[in-house]
Amino acid sequence: MTADDAAFIEVDGVEKVFTVRRRAGWVRRERREVRAVDGISFRVPRGEMVGYIGPNGAGKSTTIKMLTGILVPSGGRLRVAGIDPAADRTRLARRMGVVFGQRTTLWWDLPLRDSYALVRRMYRIPDDRFRVNLERCVELLDLAELLEVPVRQLSLGQRMRGDIAAALLHDPEVLYLDEPTIGLDVISKAKVREFLREVNAEQGTTVLLTTHDLTDIEQLCRRVMVIDHGRVMYDGGLEGLHAVGESERTLVVDLERELPPITGIPGARTVRVEGPRQWLAFPATASAAPLVSAVAAAYPLVDLSVREPDIEDVIAKMYAERAG
Amino acid sequence: MAEARADDDVRAHPPEQTPEPTPARATARERREAWGYEEATAGRGPRAYRGLRAYQGVRVYFLIVGMWVRSTMAYRTSFVIMTLGNLVVTALDFAVIALMFSHVDVLGGFGLAEVTFLYGTSSTAFGITDLLFGSTERIGRRVRDGTMDTLLVRPVPVLAQVAADRFALRRMGRIVQGVVLLGWSLAHLDVDWTWDRVLLLPVMLVSGAAIFASLFVAGAAFQFWASDAAEVQSSFTYGGTTLLQYPPTVFTTEVLRAVVFVIPLAFVNWLPALHILDRPQPIGLPGWVGFGAPLVAVACCALAGLAWRAGLRAYRSTGS
Chain A
5 MTADDAAFIE
15 VDGVEKVFTV
25 RRRAGWVRRE
35 RREVRAVDGI
45 SFRVPRGEMV
55 GYIGPNGAGK
65 STTIKMLTGI
75 LVPSGGRLRV
85 AGIDPAADRT
95 RLARRMGVVF
105 GQRTTLWWDL
115 PLRDSYALVR
125 RMYRIPDDRF
135 RVNLERCVEL
145 LDLAELLEVP
155 VRQLSLGQRM
165 RGDIAAALLH
175 DPEVLYLDEP
185 TIGLDVISKA
195 KVREFLREVN
205 AEQGTTVLLT
215 THDLTDIEQL
225 CRRVMVIDHG
235 RVMYDGGLEG
245 LHAVGESERT
255 LVVDLERELP
265 PITGIPGART
275 VRVEGPRQWL
285 AFPATASAAP
295 LVSAVAAAYP
305 LVDLSVREPD
315 IEDVIAKMYA
325 ERAG
Chain B
275 MAEARADDDV
285 RAHPPEQTPE
295 PTPARATARE
305 RREAWGYEEA
315 TAGRGPRAYR
325 GLRAYQGVRV
335 YFLIVGMWVR
345 STMAYRTSFV
355 IMTLGNLVVT
365 ALDFAVIALM
375 FSHVDVLGGF
385 GLAEVTFLYG
395 TSSTAFGITD
405 LLFGSTERIG
415 RRVRDGTMDT
425 LLVRPVPVLA
435 QVAADRFALR
445 RMGRIVQGVV
455 LLGWSLAHLD
465 VDWTWDRVLL
475 LPVMLVSGAA
485 IFASLFVAGA
495 AFQFWASDAA
505 EVQSSFTYGG
515 TTLLQYPPTV
525 FTTEVLRAVV
535 FVIPLAFVNW
545 LPALHILDRP
555 QPIGLPGWVG
565 FGAPLVAVAC
575 CALAGLAWRA
585 GLRAYRSTGS
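Residue numbers (the numbering used here), protein chains in the order written: chain A, 5 to 328; chain B, 275 to 594.
Below, the structure is given as structure tokens:
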């Protein structure tokens, strides 16, 4: 792995400040500065798949737009594959693929195949590569039946699959996905995830995806970045997120009969009692085994299960703390 | 496949025949070195790069135009009706002037053939630009709804994409009208066709189209800041062509000064046409001023290009 590969995407103290003009009275305008991205730094090695999450207006899309060269950063340094995106936008464009979940790049009134033909000529993809890539996308994304269908007749899920294929025909080294599963049904989501996993594993494509669906992250990304108010609040593995968020796992125990709340178990506290069933919360970082044996030793245990913390709760908690 | 062939010429090293998809990481790197016109012109200086980029722009323009024409043909009846409607509207436009001449013999000292000559040249020059660049005025919509983003992530010049966006073949109507009227006027004009006048006619049409194009592009650039300014742009482009259809003698000196020195619309047809028609130049301009049209056109295009770049850099996209 070369130095270029270790820091394929380099973001150093990047800022984006928008000046918003607001009408205040008939002629007078108020100017206000909005810091959409407020000093973000991170590095992504080549071939990694990173989830980028945060609430609406956190600065996710703005970051992606700076990484693709659409927006010029107000400050900081930004490099993708050693290229400054804003200065060398078209050069970088050939090496990246972008899917905006809410905007299709396909041609509404023409068969899907025609959109791909345009991509081939725009990106000047050699014929043999194009054939191989199209075949692979068609197979994995299940597009064979759709190639001759005008895009306007496709369902949302079909169109999204079509869009993802269009972004990958030129073998991009990096793929940005902005809400790739938004509005899709369960089956389409699964298909898209499966495909992304495959592309990442086989082609070594670096993938950066923003999403509101945390299942996307759980199933695809080993690394997740949480962003809020234009800053990185967390950057690391999904498991680590639990530790940082001080989230708790829950041990659900079924006892033989109704008993007063369980006490005297170190590291756990009873949070709920409902007949013979009781809920014990303990830190997500701790092991459940000593807890189970401690409960079994002191109480008539019939059955038990462990509930993992809901990542959504963890993140909601992080936002709340930040705001508070 | 002529285009595919042309691509091969500009590639520095055509990619090796890879028999089967070898590990993509390696091939991606190979291709990166072989593909781009940036790489293809590496070491050949900025002129080679700009030349190839311009070539790419034109090529992509026609690719997108082709897509739009095919899209239009998905609604063939609608296209036919729109085209006919367009022809009728442009025809009626001239009917106003024809009607005027049924009551008077001269307008501002110009006879029917001469006014038709002005109308024809203005309409032809504008028609060419409207067909090729008219879509740029729609850019405000793309700026507002954020679909501009999808154009910016492609490895081809944005201006070419914007100009070709929603290409409307029905705009041919105005060119047809302009050329017909120009032809009629040439048949009825009493002009001493010296070589400089013969030369000036095509030069005037091309320069005029270029001046209008620079207005379209500058107006489009302005919409990066004010995305609802399409109307302002139309007042210069569509408004400009209407102005130029009448003889300069019917306007005040303030208007004339403005269209010579501020927004040089007068160079589209007035000043060159006055030389062809052997009439004195307005507001004390020298007789050769009409020959300045190509220079003015080049200057306008350069300024419009700068404005376009500045606009693109100021693009703010939308929230999502």
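For glycine and all other residues, C-beta sits at the position ideal for the given N, C-alpha and C.
{"query": "Among A:V275, A:L242, A:A298 and A:V306, nearest to E260 (chain A) - alpha-carbon criterion", "result": "A:V306"}
{"query": "Same chain only: Cβ atoms within 6 Å of V563 (chain B), ignoring 5 sequence neighbours per side", "result": "L545 and Q555"}
{"query": "Cross-strand partners of Q282 (chain A) (DSSP beta bridge)", "result": "A:V257 and A:V277"}
{"query": "Length of the line joining the Cα atoms of V432 (chain B) and L373 (chain B)", "result": "44 Å"}
{"query": "Any C-beta of chain B under 8 Å from that of G58 (chain A)", "result": "no"}
{"query": "N-terminal and C-terminal residue of the alpha helix (DSSP H) that G457 (chain B) is part of", "result": "M446 to H462"}
{"query": "Euclidean distance between Cα positions of T254 (chain A) and T67 (chain A)", "result": "36 Å"}
{"query": "Range of the contiguous beta strand (DSSP E) that encloses I231 (chain A)", "result": "R227 to D232"}
{"query": "Segment limits, beta strand (DSSP E) that includes R39 (chain A)", "result": "R33 to V48"}
{"query": "C-alpha distance - V41 (chain A) paired with D182 (chain A), whole-angstrom precision", "result": "17 Å"}
{"query": "Contacts of S345 (chain B) in chain A (Cβ-Cβ under 8 Å)", "result": "W111, W112, D113 and L114"}
{"query": "Short-range partners of chain B found in the stretch 25–55 of chain A, where Cβ spacing is below 9 Å", "result": "A40, R50 and G51"}
{"query": "Buried or exposed (CB count within 10 angstroms, at least 16 for buried), S509 (chain B)", "result": "exposed"}
{"query": "Counterpart residues of S309 (chain A) in DSSP-defined beta bridges", "result": "A:V256"}
{"query": "Min CB distance R440 (chain B) to chain A below 8 Å", "result": "no"}
{"query": "Per DSSP, the bridge partner or partners of Y56 (chain A)", "result": "A:T214 and A:M229"}
{"query": "Below-8 Å beta-carbon distance, E307 (chain B) vs any chain A residue", "result": "Here the model assigns E307 (chain B) a pLDDT of 43, short of 50, so the residue's position is not dependable and the matter cannot be decided."}
{"query": "Assumed close pair T214 (chain A), K64 (chain A) - CB separation to whole angstroms, cut-off 8 Å", "result": "4 Å"}
{"query": "C-beta neighbour in chain B for R261 (chain A), strict 8 Å", "result": "no"}
{"query": "Selection of the stretch 173–193 of chain A by Cβ proximity to chain B, strictly under 7 Å", "result": "D175 and E177"}
{"query": "Near-chain B residues of the stretch 56–80 of chain A - C-beta to any C-beta below 9 Å", "result": "N60, G61, S65, T66, K69, T72, G73, I74, L75 and V76"}
{"query": "Three-state secondary structure (DSSP) of P598 (chain B)", "result": "This structure cannot settle anything about residue 598 (chain B), because the visible part of chain B is limited to 275 through 594."}
{"query": "Chain C contact for A301 (chain A) (CB, 8 Å cutoff)", "result": "The question asks about chain C, but that chain is absent: this structure's protein chains are A and B."}
{"query": "Nearest-angstrom Cα separation, counted from L366 (chain B) out to Q162 (chain A)", "result": "47 Å"}
{"query": "8 Å Cβ cut-off: residues of chain B touching D118 (chain A)", "result": "M341 and R344"}
{"query": "Cα-Cα separation between N543 (chain B) and A348 (chain B), rounded to whole angstroms", "result": "38 Å"}
{"query": "Within 8 Å, strictly: CB atoms of Y180 (chain A) and T72 (chain A)", "result": "yes"}
{"query": "V299 (chain A) classed as buried or exposed, judged by whether at least 16 other C-beta atoms fall within 10 angstroms", "result": "buried"}
{"query": "Contact the stretch 322–331 of chain B vs the stretch 396–404 of chain B: 3+ CB pairs below 8 Å", "result": "no"}
{"query": "CB contact check: R163 (chain A) to chain B, cutoff 8 Å", "result": "no"}
{"query": "Cβ-based burial, A461 (chain B) [other Cβ within 10 Å; buried from 16]", "result": "exposed"}
{"query": "Contact under 8 Å by Cβ, W342 (chain B) with T390 (chain B)", "result": "no"}
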